[in-house]
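Okay, structure first, notes after.
In the numbering used here, the protein residues as written are 1264 to 1692.
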(Lines of atoms letter the chains of each structure in order from A and count residues from 1; the text may use other names and numbers.)
(Lines give C-alpha, C1' and ligand atoms only; values in the text may rest on other atoms or scores of the structure.)
Protein backbone atom coordinates (compact mmCIF):
# COMPACT_ATOMS: atom_id res chain seq x y z
CA UNK A 1 0.00 0.00 0.00
CA UNK A 2 1.31 3.43 -0.91
CA UNK A 3 1.51 5.56 2.28
CA UNK A 4 0.87 8.71 0.23
CA UNK A 5 -2.56 7.38 -0.76
CA UNK A 6 -3.62 6.08 2.68
CA UNK A 7 -6.46 7.66 4.55
CA UNK A 8 -6.29 7.93 8.34
CA UNK A 9 -8.10 4.61 8.99
CA UNK A 10 -5.88 2.72 6.56
CA UNK A 11 -2.78 4.22 8.17
CA UNK A 12 -3.84 3.22 11.67
CA UNK A 13 -4.75 -0.29 10.48
CA UNK A 14 -1.34 -0.63 8.88
CA UNK A 15 0.40 0.50 12.07
CA UNK A 16 -1.64 -1.91 14.22
CA UNK A 17 -0.71 -4.79 11.93
CA UNK A 18 2.96 -4.44 12.89
CA UNK A 19 5.78 -5.06 10.42
CA UNK A 20 8.51 -2.60 9.60
CA UNK A 21 6.21 0.38 9.88
CA UNK A 22 5.41 -0.45 13.51
CA UNK A 23 9.03 0.15 14.48
CA UNK A 24 8.89 3.76 13.38
CA UNK A 25 7.70 6.53 15.73
CA UNK A 26 4.03 7.37 15.31
CA UNK A 27 3.72 11.09 14.59
CA UNK A 28 0.33 11.88 13.13
CA UNK A 29 -0.21 15.35 11.69
CA UNK A 30 -1.53 17.80 14.27
CA UNK A 31 -4.37 18.89 12.02
CA UNK A 32 -5.63 15.26 11.89
CA UNK A 33 -5.16 14.44 15.54
CA UNK A 34 -6.77 17.54 16.98
CA UNK A 35 -5.98 19.50 20.11
CA UNK A 36 -6.96 16.70 22.52
CA UNK A 37 -4.96 13.94 20.82
CA UNK A 38 -2.48 11.89 22.88
CA UNK A 39 0.40 13.00 20.66
CA UNK A 40 0.55 16.70 19.95
CA UNK A 41 3.93 16.80 18.27
CA UNK A 42 4.02 18.78 15.04
CA UNK A 43 5.48 16.63 12.25
CA UNK A 44 8.24 18.48 10.38
CA UNK A 45 9.86 17.76 7.04
CA UNK A 46 13.16 19.40 6.07
CA UNK A 47 13.78 20.44 2.47
CA UNK A 48 17.51 20.98 2.28
CA UNK A 49 20.26 19.35 4.34
CA UNK A 50 23.29 21.56 3.69
CA UNK A 51 25.09 23.98 6.00
CA UNK A 52 22.27 26.35 6.92
CA UNK A 53 19.76 23.51 7.11
CA UNK A 54 22.05 21.65 9.50
CA UNK A 55 22.02 24.60 11.90
CA UNK A 56 18.22 24.87 11.72
CA UNK A 57 17.86 21.14 12.21
CA UNK A 58 19.81 21.34 15.44
CA UNK A 59 17.46 24.02 16.70
CA UNK A 60 14.27 22.13 15.92
CA UNK A 61 15.63 18.87 17.33
CA UNK A 62 15.89 20.66 20.66
CA UNK A 63 12.21 21.65 20.73
CA UNK A 64 9.95 19.16 22.54
CA UNK A 65 6.66 19.82 20.75
CA UNK A 66 7.76 18.85 17.24
CA UNK A 67 9.32 15.82 15.59
CA UNK A 68 11.42 15.81 12.42
CA UNK A 69 10.11 12.91 10.34
CA UNK A 70 11.61 13.41 6.87
CA UNK A 71 14.69 14.87 5.19
CA UNK A 72 14.95 15.84 1.52
CA UNK A 73 18.05 16.91 -0.39
CA UNK A 74 19.50 16.53 -3.89
CA UNK A 75 22.67 15.07 -2.35
CA UNK A 76 22.05 11.52 -1.15
CA UNK A 77 24.93 11.70 1.32
CA UNK A 78 23.54 14.88 2.89
CA UNK A 79 20.06 13.52 3.44
CA UNK A 80 21.37 10.23 4.83
CA UNK A 81 23.69 12.07 7.22
CA UNK A 82 20.89 14.35 8.41
CA UNK A 83 18.50 11.41 8.89
CA UNK A 84 21.06 9.59 11.03
CA UNK A 85 21.41 12.72 13.15
CA UNK A 86 17.65 12.86 13.63
CA UNK A 87 17.41 9.19 14.59
CA UNK A 88 20.30 9.50 17.02
CA UNK A 89 18.64 12.52 18.62
CA UNK A 90 15.37 10.69 19.20
CA UNK A 91 16.98 7.34 20.00
CA UNK A 92 14.82 5.56 17.43
CA UNK A 93 14.92 4.88 13.72
CA UNK A 94 12.22 6.31 11.54
CA UNK A 95 13.32 9.54 9.84
CA UNK A 96 12.61 9.11 6.14
CA UNK A 97 14.98 10.22 3.38
CA UNK A 98 13.33 11.63 0.26
CA UNK A 99 15.00 12.62 -3.00
CA UNK A 100 12.16 14.73 -4.47
CA UNK A 101 10.69 17.53 -2.36
CA UNK A 102 7.33 17.13 -4.09
CA UNK A 103 6.92 13.72 -2.47
CA UNK A 104 7.64 15.22 0.94
CA UNK A 105 5.13 18.04 0.39
CA UNK A 106 2.44 15.56 -0.67
CA UNK A 107 2.82 13.43 2.47
CA UNK A 108 -0.34 13.92 4.60
CA UNK A 109 1.55 12.88 7.73
CA UNK A 110 3.67 16.04 7.61
CA UNK A 111 2.28 19.26 9.10
CA UNK A 112 5.00 21.75 8.21
CA UNK A 113 8.21 22.06 6.24
CA UNK A 114 11.45 23.88 6.89
CA UNK A 115 13.02 25.10 3.64
CA UNK A 116 16.77 25.77 3.70
CA UNK A 117 17.80 25.09 0.12
CA UNK A 118 19.85 27.22 -2.27
CA UNK A 119 17.99 30.50 -2.77
CA UNK A 120 16.48 29.71 -6.18
CA UNK A 121 14.47 26.88 -4.63
CA UNK A 122 12.99 28.84 -1.71
CA UNK A 123 9.85 30.04 -3.47
CA UNK A 124 9.15 27.01 -5.72
CA UNK A 125 9.52 24.59 -2.79
CA UNK A 126 7.47 26.80 -0.49
CA UNK A 127 4.71 27.20 -3.09
CA UNK A 128 4.51 23.44 -3.49
CA UNK A 129 4.26 22.96 0.28
CA UNK A 130 1.70 25.73 0.79
CA UNK A 131 -0.53 24.37 -1.96
CA UNK A 132 -0.52 21.06 -0.08
CA UNK A 133 -1.68 22.85 3.05
CA UNK A 134 1.69 22.76 4.81
CA UNK A 135 2.92 25.50 7.11
CA UNK A 136 6.32 26.81 5.99
CA UNK A 137 9.49 28.12 7.59
CA UNK A 138 11.52 29.64 4.74
CA UNK A 139 15.14 30.69 5.03
CA UNK A 140 16.21 34.09 3.82
CA UNK A 141 16.41 35.61 1.30
CA UNK A 142 12.88 34.95 0.16
CA UNK A 143 13.15 34.65 -3.62
CA UNK A 144 15.29 35.42 -6.63
CA UNK A 145 12.79 37.97 -7.97
CA UNK A 146 10.11 40.24 -6.57
CA UNK A 147 7.43 38.53 -8.67
CA UNK A 148 8.40 35.18 -7.15
CA UNK A 149 8.00 36.71 -3.69
CA UNK A 150 4.58 38.08 -4.56
CA UNK A 151 3.41 34.68 -5.82
CA UNK A 152 4.35 33.06 -2.52
CA UNK A 153 2.71 35.81 -0.49
CA UNK A 154 -0.52 35.34 -2.42
CA UNK A 155 -0.42 31.58 -1.83
CA UNK A 156 0.30 31.88 1.91
CA UNK A 157 -2.55 34.34 2.34
CA UNK A 158 -4.91 32.34 0.14
CA UNK A 159 -4.32 28.98 1.81
CA UNK A 160 -4.24 30.43 5.31
CA UNK A 161 -1.10 28.59 6.40
CA UNK A 162 1.49 29.79 8.91
CA UNK A 163 4.66 31.34 7.47
CA UNK A 164 7.89 32.10 9.29
CA UNK A 165 10.74 33.92 7.54
CA UNK A 166 14.26 32.97 8.60
CA UNK A 167 15.20 36.44 9.84
CA UNK A 168 16.08 35.24 13.32
CA UNK A 169 17.13 38.70 14.50
CA UNK A 170 13.46 39.40 15.22
CA UNK A 171 13.72 36.81 17.99
CA UNK A 172 16.55 38.71 19.68
CA UNK A 173 15.38 40.89 22.55
CA UNK A 174 17.75 43.79 21.91
CA UNK A 175 16.60 44.01 18.28
CA UNK A 176 12.98 44.27 19.39
CA UNK A 177 13.90 46.86 22.00
CA UNK A 178 15.53 49.18 19.45
CA UNK A 179 12.59 48.89 17.08
CA UNK A 180 10.20 49.68 19.95
CA UNK A 181 12.22 52.79 20.81
CA UNK A 182 11.99 53.89 17.19
CA UNK A 183 8.28 53.23 16.66
CA UNK A 184 7.51 55.05 19.91
CA UNK A 185 9.33 58.18 18.76
CA UNK A 186 12.20 58.12 21.26
CA UNK A 187 14.59 59.53 18.64
CA UNK A 188 12.00 61.96 17.31
CA UNK A 189 10.85 62.13 13.73
CA UNK A 190 12.86 59.79 11.53
CA UNK A 191 15.09 61.52 9.01
CA UNK A 192 17.19 58.64 7.66
CA UNK A 193 17.98 54.93 7.91
CA UNK A 194 21.40 53.43 7.16
CA UNK A 195 21.99 49.70 6.63
CA UNK A 196 25.29 47.84 6.22
CA UNK A 197 26.04 44.15 5.72
CA UNK A 198 28.88 41.88 4.52
CA UNK A 199 29.75 42.01 0.81
CA UNK A 200 30.23 39.34 -1.81
CA UNK A 201 33.30 37.46 -3.01
CA UNK A 202 35.20 36.73 -6.21
CA UNK A 203 36.38 33.30 -7.29
CA UNK A 204 35.04 29.82 -7.86
CA UNK A 205 36.22 27.33 -10.47
CA UNK A 206 34.65 27.50 -13.93
CA UNK A 207 36.21 24.20 -15.12
CA UNK A 208 33.53 21.56 -15.83
CA UNK A 209 33.98 18.27 -13.94
CA UNK A 210 31.87 15.10 -13.60
CA UNK A 211 28.78 15.36 -11.40
CA UNK A 212 29.20 13.55 -8.05
CA UNK A 213 27.52 10.15 -8.00
CA UNK A 214 25.28 11.05 -5.08
CA UNK A 215 23.97 14.33 -6.59
CA UNK A 216 20.82 14.69 -8.70
CA UNK A 217 22.23 17.69 -10.55
CA UNK A 218 19.21 18.26 -12.78
CA UNK A 219 17.00 18.53 -9.71
CA UNK A 220 19.53 20.80 -7.99
CA UNK A 221 19.41 23.16 -10.96
CA UNK A 222 15.63 22.94 -11.12
CA UNK A 223 14.31 26.27 -12.45
CA UNK A 224 17.86 27.66 -12.92
CA UNK A 225 19.51 27.65 -16.37
CA UNK A 226 21.17 24.42 -17.45
CA UNK A 227 24.94 24.74 -17.08
CA UNK A 228 27.95 22.42 -16.63
CA UNK A 229 28.81 21.24 -13.13
CA UNK A 230 31.91 22.68 -11.43
CA UNK A 231 33.39 21.92 -8.04
CA UNK A 232 32.23 25.21 -6.46
CA UNK A 233 28.78 25.44 -8.04
CA UNK A 234 26.79 23.36 -5.55
CA UNK A 235 28.62 24.04 -2.30
CA UNK A 236 26.79 25.49 0.70
CA UNK A 237 28.76 28.74 0.43
CA UNK A 238 29.38 29.04 -3.31
CA UNK A 239 25.74 28.93 -4.41
CA UNK A 240 25.07 32.20 -2.51
CA UNK A 241 27.24 34.11 -5.00
CA UNK A 242 26.08 32.65 -8.34
CA UNK A 243 23.39 34.69 -10.09
CA UNK A 244 21.74 31.56 -11.54
CA UNK A 245 20.88 30.61 -7.97
CA UNK A 246 20.84 33.80 -5.95
CA UNK A 247 21.13 37.58 -5.76
CA UNK A 248 24.28 37.42 -3.65
CA UNK A 249 24.89 38.83 -0.19
CA UNK A 250 23.04 42.04 -1.10
CA UNK A 251 20.01 39.85 -0.35
CA UNK A 252 21.44 36.75 1.33
CA UNK A 253 22.92 38.73 4.21
CA UNK A 254 21.25 42.06 3.62
CA UNK A 255 17.94 40.41 4.48
CA UNK A 256 18.80 40.60 8.19
CA UNK A 257 19.54 44.30 8.77
CA UNK A 258 16.98 45.32 6.12
CA UNK A 259 14.34 43.30 7.94
CA UNK A 260 15.13 45.17 11.17
CA UNK A 261 14.72 48.42 9.22
CA UNK A 262 11.29 47.28 8.06
CA UNK A 263 10.34 46.26 11.61
CA UNK A 264 11.47 49.59 13.06
CA UNK A 265 9.50 51.46 10.39
CA UNK A 266 6.27 49.77 11.37
CA UNK A 267 6.02 46.67 9.13
CA UNK A 268 4.08 48.41 6.36
CA UNK A 269 4.63 49.00 2.63
CA UNK A 270 5.88 52.47 3.59
CA UNK A 271 9.00 50.76 4.99
CA UNK A 272 10.19 50.19 1.40
CA UNK A 273 12.08 53.15 -0.12
CA UNK A 274 10.60 54.51 -3.34
CA UNK A 275 13.86 55.68 -4.99
CA UNK A 276 17.24 53.94 -5.43
CA UNK A 277 20.47 55.08 -7.05
CA UNK A 278 24.04 53.93 -6.59
CA UNK A 279 27.00 51.91 -7.76
CA UNK A 280 28.32 48.40 -7.37
CA UNK A 281 31.42 46.33 -8.07
CA UNK A 282 31.07 42.86 -9.61
CA UNK A 283 33.63 40.06 -9.99
CA UNK A 284 35.77 40.17 -13.12
CA UNK A 285 36.78 36.51 -13.11
CA UNK A 286 35.73 33.18 -11.68
CA UNK A 287 32.36 31.50 -11.17
CA UNK A 288 30.85 33.97 -8.71
CA UNK A 289 29.11 36.89 -10.40
CA UNK A 290 26.94 38.71 -7.85
CA UNK A 291 27.78 42.12 -6.37
CA UNK A 292 30.87 42.23 -4.16
CA UNK A 293 30.47 45.88 -3.10
CA UNK A 294 27.66 48.39 -3.37
CA UNK A 295 26.61 51.81 -2.16
CA UNK A 296 22.95 52.60 -2.77
CA UNK A 297 21.18 55.77 -1.70
CA UNK A 298 17.53 56.67 -1.95
CA UNK A 299 14.53 58.02 -0.15
CA UNK A 300 11.24 56.90 1.32
CA UNK A 301 7.84 58.24 0.24
CA UNK A 302 7.77 60.69 3.17
CA UNK A 303 11.16 62.14 2.20
CA UNK A 304 13.48 60.54 4.74
CA UNK A 305 16.77 59.27 3.34
CA UNK A 306 17.99 55.71 2.87
CA UNK A 307 21.46 54.24 2.43
CA UNK A 308 22.47 50.60 1.96
CA UNK A 309 26.18 49.70 1.88
CA UNK A 310 28.23 46.53 1.61
CA UNK A 311 30.64 45.30 2.70
CA UNK A 312 30.39 46.33 6.32
CA UNK A 313 29.24 44.80 9.55
CA UNK A 314 25.62 43.83 10.13
CA UNK A 315 23.98 46.99 11.38
CA UNK A 316 20.81 49.05 11.11
CA UNK A 317 20.98 52.71 12.16
CA UNK A 318 17.90 54.86 12.72
CA UNK A 319 18.46 58.63 12.64
CA UNK A 320 15.85 60.99 14.05
CA UNK A 321 15.67 64.72 14.72
CA UNK A 322 16.22 64.07 18.46
CA UNK A 323 18.73 61.25 18.36
CA UNK A 324 20.07 58.18 16.62
CA UNK A 325 20.41 54.53 17.56
CA UNK A 326 22.16 51.60 15.90
CA UNK A 327 21.69 47.87 16.45
CA UNK A 328 23.57 44.77 15.36
CA UNK A 329 23.75 41.19 16.56
CA UNK A 330 26.45 42.31 18.93
CA UNK A 331 24.16 44.71 20.75
CA UNK A 332 22.81 48.26 20.87
CA UNK A 333 24.87 51.34 20.19
CA UNK A 334 23.03 54.51 21.13
CA UNK A 335 24.90 57.25 19.32
CA UNK A 336 22.86 60.20 20.55
CA UNK A 337 21.88 60.54 23.33
CA UNK A 338 23.63 57.72 25.29
CA UNK A 339 20.65 57.51 27.66
CA UNK A 340 18.61 55.82 24.92
CA UNK A 341 20.08 52.48 25.95
CA UNK A 342 18.50 52.77 29.39
CA UNK A 343 15.07 54.08 28.42
CA UNK A 344 12.13 51.75 29.08
CA UNK A 345 8.94 51.35 27.07
CA UNK A 346 6.10 52.48 29.31
CA UNK A 347 2.44 51.49 29.68
CA UNK A 348 0.33 52.53 26.74
CA UNK A 349 3.26 52.65 24.31
CA UNK A 350 3.44 50.38 21.30
CA UNK A 351 4.91 46.93 21.86
CA UNK A 352 6.13 44.60 19.12
CA UNK A 353 5.66 40.85 18.73
CA UNK A 354 7.67 39.00 21.38
CA UNK A 355 9.64 35.92 20.35
CA UNK A 356 12.54 34.40 22.25
CA UNK A 357 13.09 31.48 19.86
CA UNK A 358 12.41 31.68 16.12
CA UNK A 359 11.62 27.98 15.69
CA UNK A 360 9.39 27.83 18.74
CA UNK A 361 7.57 30.95 17.57
CA UNK A 362 6.79 29.10 14.31
CA UNK A 363 5.45 26.07 16.20
CA UNK A 364 3.40 28.24 18.56
CA UNK A 365 1.75 29.99 15.62
CA UNK A 366 0.85 26.63 14.09
CA UNK A 367 -0.85 25.58 17.31
CA UNK A 368 -2.69 28.83 17.92
CA UNK A 369 -3.39 29.86 14.34
CA UNK A 370 -1.72 33.19 15.09
CA UNK A 371 0.93 35.13 13.19
CA UNK A 372 4.64 34.66 13.51
CA UNK A 373 7.17 37.33 14.37
CA UNK A 374 8.42 37.30 10.74
CA UNK A 375 5.31 37.11 8.51
CA UNK A 376 5.29 36.77 4.74
CA UNK A 377 4.32 40.41 4.16
CA UNK A 378 7.40 41.69 5.99
CA UNK A 379 9.53 39.16 4.12
CA UNK A 380 8.35 40.60 0.81
CA UNK A 381 9.04 44.19 1.91
CA UNK A 382 12.61 43.64 3.07
CA UNK A 383 13.40 41.36 0.12
CA UNK A 384 12.09 44.01 -2.27
CA UNK A 385 14.69 46.49 -0.99
CA UNK A 386 17.50 44.07 -1.86
CA UNK A 387 16.12 43.46 -5.33
CA UNK A 388 15.53 47.13 -6.11
CA UNK A 389 19.01 48.06 -4.86
CA UNK A 390 20.50 45.33 -7.06
CA UNK A 391 18.52 46.53 -10.10
CA UNK A 392 19.73 50.09 -9.49
CA UNK A 393 23.41 49.14 -9.46
CA UNK A 394 23.07 46.75 -12.42
CA UNK A 395 21.28 49.30 -14.61
CA UNK A 396 23.19 52.32 -13.37
CA UNK A 397 19.93 54.25 -13.33
CA UNK A 398 17.64 55.78 -10.74
CA UNK A 399 14.90 53.30 -9.90
CA UNK A 400 11.47 54.56 -8.87
CA UNK A 401 9.22 52.16 -6.96
CA UNK A 402 5.43 52.40 -6.79
CA UNK A 403 4.46 50.76 -3.47
CA UNK A 404 0.75 50.66 -4.28
CA UNK A 405 1.18 48.81 -7.59
CA UNK A 406 4.45 47.14 -6.53
CA UNK A 407 6.21 47.91 -9.77
CA UNK A 408 9.04 50.02 -11.18
CA UNK A 409 7.94 53.27 -12.80
CA UNK A 410 9.10 54.85 -16.08
CA UNK A 411 11.67 52.16 -16.91
CA UNK A 412 10.31 49.13 -18.80
CA UNK A 413 13.72 47.49 -19.00
CA UNK A 414 14.22 47.66 -15.24
CA UNK A 415 10.63 46.55 -14.65
CA UNK A 416 11.30 43.35 -16.59
CA UNK A 417 13.97 42.55 -13.99
CA UNK A 418 11.23 42.11 -11.40
CA UNK A 419 10.70 38.60 -12.76
CA UNK A 420 13.18 35.77 -13.27
CA UNK A 421 12.35 33.20 -16.01
CA UNK A 422 12.29 29.55 -14.92
CA UNK A 423 13.65 26.56 -16.80
CA UNK A 424 11.02 24.22 -18.23
CA UNK A 425 9.09 22.42 -16.78
CA UNK A 426 9.28 24.50 -13.61
CA UNK A 427 6.94 27.45 -13.10
CA UNK A 428 5.16 29.44 -10.41
CA UNK A 429 1.83 27.80 -11.29
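Backbone N, C-alpha and C fix where the C-beta goes; we use that ideal spot for every residue, glycine too.
Remember, it's a predicted structure, so these values are computed and weren't measured experimentally.
So what does DSSP say about residue 1562, is it helix, strand or coil? In the structure shown, residue 1562 adopts extended strand secondary structure according to DSSP, grouped into three states.
Could you compute how far the alpha carbon of residue 1638 sits from the alpha carbon of residue 1477? If you draw a straight line from the Cα of residue 1638 to the Cα of residue 1477, it comes to about 36 Å.
For the beta strand (DSSP E) containing residue 1375, list its first residue and its last residue. First-last of the beta strand (DSSP E) with residue 1375: 1375-1378.
Assuming residue 1590 contacts residue 1437 (C-beta within less than 8 Å), just tell me the rounded distance between them. Going by Cβ atoms, the distance from residue 1590 to residue 1437 rounds to 7 Å, so yes, they are a contact pair.
Under the three-state reduction of DSSP, which class applies to residue 1519: helix, strand or coil? Here residue 1519 sits in helix by DSSP.
6 Å Cβ shell around residue 1339 - same chain, five flanking residues per side excluded: Counting only Cβ-Cβ distances below 6 Å, and skipping sequence neighbours, we find 1477.
Taking one C-beta from the segment 1401-1417 and one from the segment 1605-1618 each time, how about it: are there three or more such pairs within less than 8 Å? Short answer: they don't touch.
Please classify residue 1588: does DSSP put it in a helix, a strand, or coil? Shown here, residue 1588 sits in a strand according to DSSP, grouped into three states.
Rounded to whole angstroms, how far is the Cβ of residue 1553 from the Cβ of residue 1518, which I believe are closer than 8 Å? With a contact defined as Cβ atoms closer than 8 Å, residue 1553 and residue 1518 miss out at about 14 Å.
Alpha-carbon to alpha-carbon, residue 1662 and residue 1345: Distance between the alpha carbons of residue 1345 and residue 1662 is about 43 Å.
If you reduce the DSSP assignment to three classes, tell me which class residue 1596 lands in. Strand at residue 1596.
Extract the residue ranges of the beta strand (DSSP E) inside the segment 1320-1380, only unbroken runs of 3 or more that lie entirely within it. Correct list: 1329-1335, 1359-1361 and 1375-1378.
Given this structure, state the Cα-to-Cα distance separating residue 1305 from residue 1454, to the nearest angstrom. For residue 1305 and residue 1454, the distance between alpha carbons rounds to 45 Å.
Going by CA-CA distance only, name the one from 1466, 1318 and 1485 that's closest to residue 1504. The shortest C-alpha separation from residue 1504 is found at 1466.
Backbone CA spacing between residue 1373 and residue 1358 [nearest angstrom]: Cα atoms of residue 1373 and residue 1358: separation of roughly 12 Å, rounded to the nearest angstrom.
Considering only DSSP beta bridges, list what residue 1549 is partnered with. Paired residue(s): 1466.
By Cβ distance below 6 Å, which residues in the same chain neighbour residue 1314 in space, the five residues on each side in sequence not counted? Cβ within range, chain order: 1499.
Just checking, does the segment 1545-1564 make contact with the segment 1612-1622 on the three C-beta pairs under 8 Å criterion? At 8 Å Cβ cutoff, the stretches do not touch.
Helix, strand or coil: which one does DSSP assign to residue 1483? Residue 1483 falls in the helix class under three-state DSSP.
Among 1627, 1396, 1640 and 1355, whose alpha-carbon lies nearest the alpha-carbon of residue 1533? The closest CA to that of residue 1533, considering only 1627, 1396, 1640 and 1355, is found on 1640.
Label residue 1536 either buried or exposed according to how many other C-beta atoms from any shown protein chain fall within 10 Å of its C-beta, with 16 as the threshold for buried. Classification of residue 1536: buried, given that the 10 Å Cβ count is 16 or more.
Coil, strand or helix - residue 1399 by DSSP: Looking at residue 1399 - three-state DSSP - the assignment turns out to be strand.
Whose CA, out of 1631, 1568 and 1378, lies closest to the CA of residue 1393? Here the closest residue by C-alpha is 1378.
Through-space distance from residue 1423 to residue 1495, alpha-carbon basis: One C-alpha to the other measures close to 39 Å.
How about residue 1387 and residue 1502: are their beta carbons less than 9 Å apart? No, the Cβ-Cβ distance between residue 1387 and residue 1502 is not below 9 Å.
Return the CA-CA distance between residue 1678 and residue 1652, expressed in angstroms with no decimal places. Each residue's alpha carbon lies about 13 Å from the other.
Tell me the rounded alpha-carbon separation between residue 1521 and residue 1464. Approximately 20 Å, taken between the alpha carbons.
Whole angstroms is fine: what's the gap from residue 1410's alpha carbon to residue 1644's? Going by the C-alpha atoms only, they are around 12 Å apart.
Rounded separation between residue 1427 and residue 1399 - CA only: Cα to Cα, residue 1427 sits roughly 6 Å from residue 1399.
Taking residue 1442 and residue 1527 to be in contact with their CB atoms under 8 Å, please state how far apart those CB atoms are, rounded to whole angstroms. With 8 Å as the limit, residue 1442 and residue 1527 qualify as a contact, their Cβ atoms being about 4 Å apart.
Check the C-beta distance from residue 1361 over to residue 1541 and give it rounded, since I have them as a contact under 8 Å. In fact, because the Cβ distance is near 43 Å, the residues do not count as touching under 8 Å.
Three-state class that DSSP yields for residue 1513 in the structure shown: Looking at residue 1513 - three-state DSSP - the assignment turns out to be helix.
What separation, rounded to the nearest whole angstrom, lies between the Cα atoms of residue 1667 and residue 1475? Distance from the CA of residue 1667 to the CA of residue 1475, rounded to the nearest whole angstrom, comes to 47 Å.
Could you tell me which residues DSSP pairs with residue 1427 in its beta bridges? Answer is 1400.
Among 1430, 1538, 1578 and 1488, the one whose alpha carbon lies nearest that of residue 1565: Nearest option by C-alpha distance: 1538.
Which residue's Cα is closest to the Cα of residue 1586: 1432, 1452 and 1316? Ranked by how close their Cα comes to the Cα of residue 1586, the residues 1432, 1452 and 1316 have 1452 in first place.
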